[in-house]
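Please read the structure below before turning to the comments.
The following block contains the structure:
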């Protein structure tokens, strides 16, 4: 396993220093992404999954800062700690879009409205590859064809507002894969799309991944997407990974009460539902005042008074690769 | 695009027609006609005017005819002969009076527009990019003052300041020896030395307004996802700013170029009156005070037409700059 690691995140803490207080968006996160594999990150809105991705590329919004941790990116010619790079410097800019590319949630706003999609893809190609404009245009047309855009030689000159949401997301993917990245971060790539289009886009990402041998970090709040796509899964809650492991372990042998609750809240085809669908009790707590101890304890059905609200549960490895942070499995 | 431009040009025709009617109504509004006023004026100053002269003027401006004939005569004179009528106060054709002053007005306005745009937009950009920095706070403060202070007050303050501190009397556009001199290189240089005072006075509120607008527009754009996407692509910060958010944030400002013209014009009028500059503004004010309606009407007509043309220019520029407008209005490529 050791040689296959592409990206390793160690104890990452990303905080936002706002007038209202400090938001600990990512608070001590550890994970590894293996070459060619799909790593799924799942959690509710605001749990820090997008901020984790933005920390990797160092494109955090203003006032967001990595306060601790390492993000080690392994290349054939050695490794580099992305946290140590200047976020505006040449070194990280060479990695962005070339070795680590990103697909975003909102295809409607992710492409600038005043330039053609071709222009925006060609820009990315010229930035990272040593080709002429004409060659870049050919590559762009070829890419658009590969992501399933019909008549790519015409659509290359289309403006984003002339394309549907699904087509725009395909164009975004074409832009992201333009320089053969070894890691593709897909931040809720299908959330803004119709259900039928969602499946197509996921298939597209899967196929491209196979063809190009790149690893994918797939961020979503949709357990179904995880089940279909991921090899390994991390479940995040309020800035921490509460459970992680191979996808089958998480789905068939969930340990953390939060994971259990998430899985219960998915409707299942063919299974009779008595009454209402199950939901998780309570609200996501105020990010400025996080609960003490285990952050899930106010909503947890297995809450143990005097334990869960006093200390943070340690991470325990249950079976190989399956880790959970909960006092139910020891560490008291 | 060509179709759009032609359509916008055609829509100018009815607008100009409506404008001319409004101006004509203004000319006709004062009780009696201007000829009565004119004769009264001459009488009070002891000059007699011959019956033939009165009859000739009545005929030339169709004053004995009904309203619509008078309008047609008036507009025909303007379009066919370039004759805007006669200023009775100055006893000279309106065209001559305007010609003398229009160049100066244009120079001052042009300088002001350039200042308003270059300074306003660049400070706005810097303020937005460095939001909540010292620079941003200082120019936000200056911006608010600039927006709220009336031009005439600023003009008076500058005159007073220059006079008390440096013993310079800033008034007029030329030094004493050049006021009545014919145009020469020396006169132009003399003018350039003095022109910055009215330009600054006129431009201040525009600059302040542009700083505020540009800053707000750009802040909106900076939060959009395409900026993050461009950053994730590996673009450098400067190239990214110019190519994406700034380019898009400028668009709404282009659409207001048309309004800058009248704003500058009225600002110029006030400043010129106070600084005693021989431009169009004071001429219009005097014409209105003296019920010199042909002169006043002509000036309003020209200003109105300029505003319409300005709006047309800004619309065309906007369509050129923003494909969403270009494509939205022509229903295809």
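Residue numbers (our numbering), protein chains in the order written: chain A, 2 to 333; chain B, 94 to 426. In this text, a Cβ means the ideal position worked out from N, Cα and C, and glycines have one as well.
Through-space distance from residue j to residue i, alpha-carbon basis
i: residue 229 (chain A); j: residue 221 (chain A); result: 12 Å
i: residue 99 (chain B); j: residue 408 (chain B); result: 12 Å
i: residue 96 (chain B); j: residue 102 (chain B); result: 10 Å
i: residue 162 (chain A); j: residue 173 (chain A); result: 13 Å
i: residue 410 (chain B); j: residue 297 (chain A); result: 56 Å
i: residue 308 (chain B); j: residue 340 (chain B); result: 13 Å
i: residue 381 (chain B); j: residue 121 (chain B); result: 13 Å
i: residue 413 (chain B); j: residue 119 (chain A); result: 19 Å
i: residue 423 (chain B); j: residue 107 (chain A); result: Low confidence applies to residue 423 (chain B): its pLDDT is 44, below 50, so where it sits in the model is not reliable enough to give any reading.
i: residue 248 (chain B); j: residue 282 (chain B); result: 22 Å
i: residue 140 (chain A); j: residue 214 (chain A); result: 19 Å
i: residue 194 (chain B); j: residue 292 (chain B); result: 16 Å
i: residue 110 (chain A); j: residue 332 (chain B); result: 19 Å
i: residue 322 (chain A); j: residue 217 (chain A); result: 18 Å
i: residue 117 (chain A); j: residue 129 (chain A); result: 19 Å
i: residue 374 (chain B); j: residue 388 (chain B); result: 12 Å
i: residue 236 (chain A); j: residue 256 (chain A); result: 11 Å
i: residue 75 (chain A); j: residue 57 (chain A); result: 13 Å
i: residue 206 (chain B); j: residue 349 (chain B); result: 12 Å
i: residue 241 (chain A); j: residue 238 (chain B); result: 48 Å
i: residue 147 (chain B); j: residue 356 (chain B); result: 39 Å
i: residue 17 (chain A); j: residue 288 (chain A); result: 11 Å
i: residue 392 (chain B); j: residue 234 (chain B); result: 37 Å
i: residue 158 (chain B); j: residue 165 (chain B); result: 11 Å
i: residue 1 (chain A); j: residue 310 (chain A); result: The structure shown does not extend to residue 1 (chain A), since chain A is modelled only from 2 through 333, so no value can be given for it.
i: residue 171 (chain B); j: residue 130 (chain B); result: 23 Å
i: residue 84 (chain A); j: residue 59 (chain A); result: 8 Å
i: residue 311 (chain B); j: residue 201 (chain B); result: 29 Å
Contact set between residue i and chain A, taken where Cβ atoms lie within less than 7 Å
i: residue 214 (chain B); result: Within chain A, no residue comes near residue 214 (chain B); the closest Cβ sits about 17 Å away, beyond 7 Å.
i: residue 417 (chain B); result: 114 and 162
i: residue 230 (chain B); result: What residue 230 (chain B) touches in chain A: nothing, since even the nearest Cβ is about 15 Å away.
Per-residue contacts from residue i into chain B (C-beta, under 7 Å)
i: residue 216 (chain A); result: Residues of chain B passing the Cβ test: none, with the nearest at roughly 17 Å.
i: residue 129 (chain A); result: 327
i: residue 58 (chain A); result: 325
i: residue 125 (chain A); result: 326
i: residue 98 (chain A); result: 325, 326 and 327
i: residue 103 (chain A); result: 325
i: residue 89 (chain A); result: 330
Where residue i falls, given that 16 or more other Cβ within 10 Å makes a residue buried
i: residue 314 (chain B); result: buried
i: residue 64 (chain A); result: exposed
i: residue 179 (chain B); result: buried
i: residue 328 (chain A); result: buried
i: residue 278 (chain A); result: exposed
i: residue 151 (chain A); result: exposed
i: residue 234 (chain A); result: buried
i: residue 286 (chain B); result: exposed
i: residue 177 (chain B); result: buried
i: residue 167 (chain B); result: buried
i: residue 217 (chain B); result: buried
i: residue 360 (chain B); result: buried
i: residue 12 (chain A); result: exposed
i: residue 167 (chain A); result: buried
i: residue 337 (chain B); result: buried
Beta-ladder partner(s) of residue i, from DSSP
i: residue 381 (chain A); result: This structure leaves residue 381 (chain A) out entirely; chain A is present only between 2 and 333.
i: residue 246 (chain A); result: A:234
i: residue 103 (chain A); result: A:186
i: residue 75 (chain A); result: A:80
i: residue 326 (chain A); result: A:316
i: residue 28 (chain A); result: A:14
i: residue 180 (chain B); result: B:185
i: residue 146 (chain A); result: According to DSSP, which records beta bridges pairwise, residue 146 (chain A) is partnered with nothing at all.
i: residue 340 (chain A); result: With chain A covering only 2 through 333, there is no way to say anything about residue 340 (chain A).
i: residue 216 (chain A); result: A:184
Contacts of residue i in chain B (Cβ-Cβ under 8 Å)
i: residue 107 (chain A); result: 318
i: residue 95 (chain A); result: 327
Below-8 Å beta-carbon distance, residue i vs any chain C residue
i: residue 110 (chain A); result: The displayed structure is made up of protein chains A and B, and chain C is not among them.
Partner residues on chain A for residue i, Cβ-Cβ distance less than 9 Å
i: residue 340 (chain B); result: 113, 115 and 116
i: residue 337 (chain B); result: 113, 115 and 116
i: residue 420 (chain B); result: 160, 162 and 163
i: residue 233 (chain B); result: Going along chain A, no residue has its Cβ under 9 Å from residue 233 (chain B), so there is no contact; the nearest lies around 17 Å.
Item to check | alpha helix (DSSP H) segments (min. 4 residues) lying fully within the segment 248 to 284 of chain B | outcome: none
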